[in-house]
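The sequence shown begins at 59 in our numbering and counts up by one.
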Amino acid sequence: MLNIVLFGPPGAGKGTQAEMLLEKYQLVHLSTGDILRREIATQTPLGLEAKKAMDKGELVSDQVVIGMIEAKIDANSKARGFIFDGFPRTTAQAIALTTMLQKKDASISAMLALYVDDEELIKRLLLRGKDSGRADDQNRAVIENRIKVYNKETAPVIDYYDQLNKYQAIDGVGSIDEIFSRLCTAIDQIK
Ligand code: B4P
């Protein structure tokens, strides 16, 4: 199995690149952000709870997102592999993911971390906010809080994968095609 964690701050290009990678490598795309937004759109109890955190730029609870991902992995038992986009976002989520994959005799092949400076992140997200309708992309203070939460709660996940020798830094500034090519080069080396 080829299991990739696509990592980076909000607006780094995870969702954008995941869409292209899943086609090239025939992987199943698991985006916790997309799953949560679907829950919000259909107004499930989980979605209504998650919306409160997401609108403020905070993380949804580990328990909720870990349960969601486990259900999706189980539902795709024949997958050739997964692209985890926006998950894990805390070290507790990373440890839970290792356990889930171990049950399937699998593991993370690589954690590819996209690096983009804060001003570029804010610019991209405000631009998307103009037509995406996403509440968390429309307010500079909320975007800045998402970056702060990333630095405090999510960035330590890098150490977890670094200790497992799975971490690789990727320059996330440039054209979408240039970044895609950098990611493919990294993946082709680990296959
Ligand atoms: P996500 O949906 O994961 O959203 P994101 O971090 O904003 O990144 P996304 O993948 O959507 O954007 P991308 O970089 O592709 O999370 C949203 C919220 O959900 C979180 O704040 C949190 O509340 C909650 N959540 C999700 N997962 C969670 C978890 N595991 N635990 C707890 N809470 C969780 O793209 C951004 C924009 O940049 C796009 O408009 C794109 O077109 C543009 N762009 C991309 N590449 C570019 C490039 N090279 N140049 C210029 N623009 C580019």
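From the three backbone atoms N, C-alpha and C, an ideal C-beta is built for every residue, glycine too.
Keep in mind the model is a prediction, meaning the values are calculated, not measured.
Within 6 Å: the Cβ of residue 170 and any heavy atom of ligand 1?
As a working note, residue 170 is residue 112 in the sequence shown. For ligand 1, not one heavy atom lies less than 6 Å from the Cβ of residue 170.
In terms of residue numbering, what span does the alpha helix (DSSP H) encompassing residue 126 cover?
On the sequence shown, residue 126 is found 68 positions in, with the first residue counted as 1. It spans 120 to 133 - the alpha helix (DSSP H) in which residue 126 sits, taken as one unbroken run.
Identity of the residues DSSP links to residue 89 by a beta bridge:
Along the sequence shown, one-based indexing puts residue 89 at 31. DSSP, once it has assigned bridges, lists 143 as partnering residue 89.
May I have the straight-line CA-CA distance separating residue 108 from residue 232, to the nearest angstrom?
Within the sequence shown, numbered from 1, the residue matching residue 108 stands at position 50. Within the sequence shown, numbered from 1, the residue matching residue 232 stands at position 174. Their backbone Cα atoms lie some 32 Å apart in a straight line.
What does the alpha-carbon distance come out to for the pair residue 228 and residue 131?
Position 170 of the sequence shown, counted from the start, is the residue given in the question as residue 228. Position 73 of the sequence shown, counted from the start, is the residue given in the question as residue 131. Each residue's alpha carbon lies about 26 Å from the other.
Taking its Cβ as the centre, do 16 or more other Cβ atoms sit within 10 Å of residue 165, making it buried, or is it exposed?
As a first step, residue 165 is located in the sequence shown; it is residue number 107 there, counting from the start. Exposed, since its Cβ has fewer than 16 Cβ neighbours within 10 Å.
Would you say residue 62 touches ligand 1, meaning its beta carbon is less than 6 Å from a heavy atom?
As a working mapping, residue 62 is identified with position 4 in the sequence shown. No.
Roughly how many angstroms separate the alpha carbons of residue 125 and residue 236, rounded to a whole number?
Here residue 125 is taken as the residue at index 67 of the sequence shown, counted from 1. Here residue 236 is taken as the residue at index 178 of the sequence shown, counted from 1. For residue 125 and residue 236, the distance between alpha carbons rounds to 35 Å.
Contact test: residue 141 Cβ vs ligand 1 heavy atom, cutoff 6 Å
Here residue 141 refers to the residue found at position 83 of the sequence shown. No - ligand 1 has no heavy atom lying nearer than 6 Å to the Cβ of residue 141.
Rounded separation between residue 198 and residue 144 - CA only:
Within the sequence shown, residue 198 is the residue found at index 140, counting from 1. Within the sequence shown, residue 144 is the residue found at index 86, counting from 1. The alpha-carbon atoms of residue 198 and residue 144 are separated by roughly 20 Å.
Alpha carbon of residue 174 to alpha carbon of residue 96, nearest angstrom
Taking the sequence shown and counting its residues from 1, one reaches residue 174 at position 116. Taking the sequence shown and counting its residues from 1, one reaches residue 96 at position 38. Whole-angstrom Cα-Cα distance: 27 Å.
Per DSSP, which residues does residue 75 bridge with? Please list them.
As a working mapping, residue 75 is identified with position 17 in the sequence shown. According to DSSP, which records beta bridges pairwise, residue 75 is partnered with nothing at all.
Cut-off 6 Å between Cβ atoms - residues of its own chain near residue 86, not counting five sequence neighbours on either side:
On the sequence shown, residue 86 is found 28 positions in, with the first residue counted as 1. Cβ within range, chain order: 134, 137, 140.
Enumerated in chain order, which unbroken segments of the beta strand (DSSP E) with a length of 3 residues or greater are wholly contained in the segment 179 to 226?
Every candidate beta strand (DSSP E) stretch fails here, since none sits fully inside the segment 179 to 226 while reaching 3 residues.
To the nearest angstrom, report how far apart residue 171 and residue 65 are at their CA atoms.
Taking the sequence shown and counting its residues from 1, one reaches residue 171 at position 113. Taking the sequence shown and counting its residues from 1, one reaches residue 65 at position 7. Approximately 4 Å, taken between the alpha carbons.
Whole-angstrom distance between residue 59 and residue 201, CA atom to CA atom
Taking the sequence shown and counting its residues from 1, one reaches residue 201 at position 143. Taking the sequence shown and counting its residues from 1, one reaches residue 59 at position 1. So the alpha carbons of these two residues sit roughly 35 Å apart.
Do residue 77 and residue 148 have their C-beta atoms within less than 7 Å of each other?
Counting from one through the sequence shown, the residue named residue 77 turns up at place 19. Counting from one through the sequence shown, the residue named residue 148 turns up at place 90. Cβ atoms of residue 77 and residue 148: not closer than 7 Å.
Name the two residues that bound the continuous beta strand (DSSP E) containing residue 158.
In the sequence shown, the residue the question calls residue 158 occupies position 100. Looking at the DSSP string, residue 158 is not in any beta strand (DSSP E); the run it does join, the alpha helix (DSSP H), is 149 to 160.
Where DSSP assigns a beta bridge to residue 63, which residues make up the other side?
The residue given as residue 63 occupies position 5 in the sequence shown. Its beta-bridge partners are 142, 169.
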